[in-house]
Amino acid sequence: MTNPVRILVTPLLTLFTLLLISCTTSASLASPIATVIEKLQTENGTTWVLSYTLDKPAERLVFVRNPDSSRATRWQPEDSDIEIAYNITEQQEIVRSRTGKPISKVSFILTPTYKHLGKDYAPFSPFSDSGNAFHSGRLFVCANFCTDEDKEWPITLKVPNDEHIVLNGKVVKDSVTWVDKNNGRQVYVGKQQPVITNSAVALIDPALPKSIQASLKYDMPKIMAYFSRSLHPLAAEKPMLLASYAMVDGHSSQGGTLPNQIFMHWNRNDLDKRAENSDFANKTLWFFAHEAAHLYQPGSTDGVSENREQSWLHEGSADYFAATAMNYLYKDANSYIQRRIRHAFENCTQGLTQSILANAYKKGRFNLYYSCGMIIHRAIDNVVQQKTSGKESLFTVWKQLQKAVSRGMPPGTATFLTLLEPYNAPELINAIKNATSNDDKKAIQGIQALYKMHWQ
Ligand SMILES: [Zn+2]
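Just so we're on the same page, our numbering is the position in the sequence shown counted from 1, plus 1318.
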């Protein structure tokens, strides 16, 4: 995946879900495995220790999320009889005993630095002041095999007494236990107190350039208010916003969303220098608006990860929504927005010569979901406005998608395209079908036709 949000060198995370999950304790625990993650103060600094304790010994432990084999090198077993191996056939990492003993308790020392996972959320997002956010879904584990019964993971987190936890927007001292599920969540551990803004409970790295900090504090609430008005208000609890800046040698950054959470991580140390670039403010706003837009999109309702080949729907609309938000809120961003749209069109048509949209994620061209997706959504917006004399827009279609999903329809492209039928715009639907088809020539023609669909 390459990244269309050009302040980022590595791609934005594309996984997201808008499940509203409850994270209170639950009576039925399908998983018999107790997970404890602890940040310990040591002579040399701090250590993160993770342990799994099983009621019933198992032959092996397997993980729910297996984006690569990096646990094998980044998790050090405390017992030399234990190893993490990658099973190529099953495409998953496995915790097992070298001598074949049953497993009832295992512990690992974790590596709490940033690790880019192309198909998943980064396990740790370090802050410059030694605080850290971690992704709980990384810890989800099953005894022997994961089954449909493995849906909930009780996790206990313990932290040093001069630090605290921020879980679901609440500050907690010492330790906390919760039952996690679905795709997990980001949890903060460190010394920074969250800032409560109009729109979010925010943990913003104090080392970030002042312009980014100001933008997160003042622009982000405006952007979110715009999406609340245009799409729908968010659920009762304010979302968490995490912005971490590792200040290390590196050149990657990543943004993502999970239910009621937006997070951004800069794994580099040159943001002050980059902030001198005249496009930096606009790029940053676009990045924030894109991530914020995901919070307002309906996702799957059962925790199953989305269809990657359909990512043009969520990524393309998030990029186009970012364009509309910036266009509405920042009049002087117009020429920047026009440049991005033109660039998206060029990127998309060039990319479609190498991969059809459905296969782009397999061919390292994830950026096509952003660029082609944005051109598709821009055309829909233009045509819907034209057909309704400006009374409706792309937002109307997405609100209908939200309703359809809440009635139980799948949140994918099939449902979405059905919602376009009442607008009596066969040329639009045909062009989208061509653009997303398996025929590369048709796909390019489809995108070219969509690019020309202007109303005013
Ligand atoms: Zn995105």
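Heads up, the beta-carbon is just placed ideally off N, CA and C, and yes, glycines get one too.
Checklist entry - If we ignore side chains and look at the alpha-carbon of each, how far apart do Thr-1417 and Asp-1399 end up? => result 7 Å
Item to check | CA-to-CA distance, Leu-1589 to Ala-1451, given in whole angstroms | outcome: Looking at the two C-alpha atoms, the distance is approximately 20 Å.
Next on the checklist: Give me the residue from Leu-1746, Leu-1372, Lys-1488 and Val-1505 with the minimum Cα distance to Pro-1441.
Outcome noted: Minimum Cα-Cα distance from Pro-1441 among the listed residues Leu-1746, Leu-1372, Lys-1488 and Val-1505 corresponds to Val-1505.
Next on the checklist: Is any non-hydrogen atom of ligand 1 found closer than 7 Å to the C-beta of Glu-1401, if you look at the structure I gave you?
Outcome noted: no
Next on the checklist: Just verifying my parser: in three-state terms, what is the DSSP assignment at Leu-1549?
Outcome noted: coil
Checklist entry - Among the residues of its own chain, which have a CB less than 6 Å from the CB of Leu-1534, if the five just before and after it don't count? => result Ile-1522 and Ala-1561
Next on the checklist: Measuring only the C-alpha atoms, how far is Leu-1435 from Trp-1584?
Outcome noted: 14 Å
Item to check | Alpha carbon of Gln-1615 to alpha carbon of Asp-1397, nearest angstrom | outcome: So the two alpha carbons sit approximately 44 Å from each other.
Item to check | Cut-off 8 Å between Cβ atoms - residues of its own chain near Asn-1652, not counting five sequence neighbours on either side | outcome: Asn-1645
Item to check | Host alpha helix (DSSP H) of Thr-1431 (start-end) | outcome: Unbroken run through Thr-1431: none, as it is neither H nor E.
Checklist entry - If you follow the alpha helix (DSSP H) that Cys-1690 is part of, which residue opens it and which one closes it? => result 1685 to 1705
Item to check | Sequence ranges, beta strand (DSSP E) only - wholly within the stretch 1481 to 1527, length at least 3 | outcome: DSSP runs (the beta strand (DSSP E)) wholly in the stretch 1481 to 1527: 1482 to 1485, 1488 to 1491, 1493 to 1499, 1504 to 1508 and 1519 to 1522.
Checklist entry - Can at least three beta-carbon pairs, one atom from the stretch 1625 to 1638 and one from the stretch 1686 to 1696, be found at a separation below 8 Å? => result Between the stretch 1625 to 1638 and the stretch 1686 to 1696, the count of Cβ pairs shorter than 8 Å is three or higher; the stretches touch.
Checklist entry - Which residues mark the beginning and the end of the alpha helix (DSSP H) in which Leu-1603 is found? => result From DSSP, the alpha helix (DSSP H) with Leu-1603 extends over 1598 to 1613.
Checklist entry - So Gly-1708 packs on Gln-1628, CB below 8 Å; how close in whole Å? => result In fact, because the Cβ distance is near 29 Å, the residues do not count as touching under 8 Å.
Checklist entry - In three-state terms, what does DSSP make of Leu-1589? => result In the structure shown, Leu-1589 sits in a helix (DSSP, three-state: H, G or I).
Item to check | Rounded C-alpha distance that separates Tyr-1679 from Leu-1647 | outcome: 32 Å
Item to check | CA-to-CA distance, Lys-1717 to Thr-1754, given in whole angstroms | outcome: 23 Å
Checklist entry - So, are the CB atoms of Pro-1472 and Thr-1353 less than 8 Å apart? => result yes
Item to check | Neighbour-count burial assignment, Gly-1363, 16 or more Cβ in a 10 Å radius | outcome: Answer is exposed; the Cβ neighbour count stays below 16.
Checklist entry - For Lys-1681 versus Gln-1672, is the C-beta spacing smaller than 8 Å? => result A contact, by the Cβ cut-off of 8 Å.
Next on the checklist: On a Cα-Cα basis, can you pick out the residue from Arg-1389, Phe-1606, Gln-1763 and Lys-1649 that is closest to Met-1542?
Outcome noted: Phe-1606
Checklist entry - By DSSP, does Met-1565 sit in helix, in strand, or in coil? => result coil
Checklist entry - Roughly how many angstroms lie between the CA atoms of Pro-1395 and Val-1413, to the nearest whole one? => result 9 Å
Item to check | Supposed close pair Lys-1423, Ser-1387 - CB separation, criterion 8 Å | outcome: Contact doesn't hold; Cβ gap of about 23 Å is too wide.
Item to check | Close beta carbons around Ala-1676, own chain, < 6 Å, minus the five adjacent residues each side | outcome: Glu-1627
Checklist entry - Terminal residues of the continuous alpha helix (DSSP H) containing Tyr-1654? => result In the DSSP annotation of this structure, the continuous segment of the alpha helix (DSSP H) that includes Tyr-1654 starts and ends at 1652 to 1670.
Next on the checklist: To the nearest angstrom, how far is the alpha carbon of Asn-1500 from that of Pro-1512?
Outcome noted: 25 Å
Item to check | C-beta atoms of Trp-1366 and Lys-1357 nearer than 8 Å | outcome: yes
Checklist entry - Would DSSP call Val-1723 helix, strand or coil? => result helix
Next on the checklist: Would you say the beta carbon of Ala-1593 is closer than 7 Å to some non-hydrogen atom of ligand 1?
Outcome noted: no
Item to check | Reference Thr-1714; option with closest CA among Ser-1529, Phe-1734, Tyr-1688 and Leu-1613 | outcome: Phe-1734
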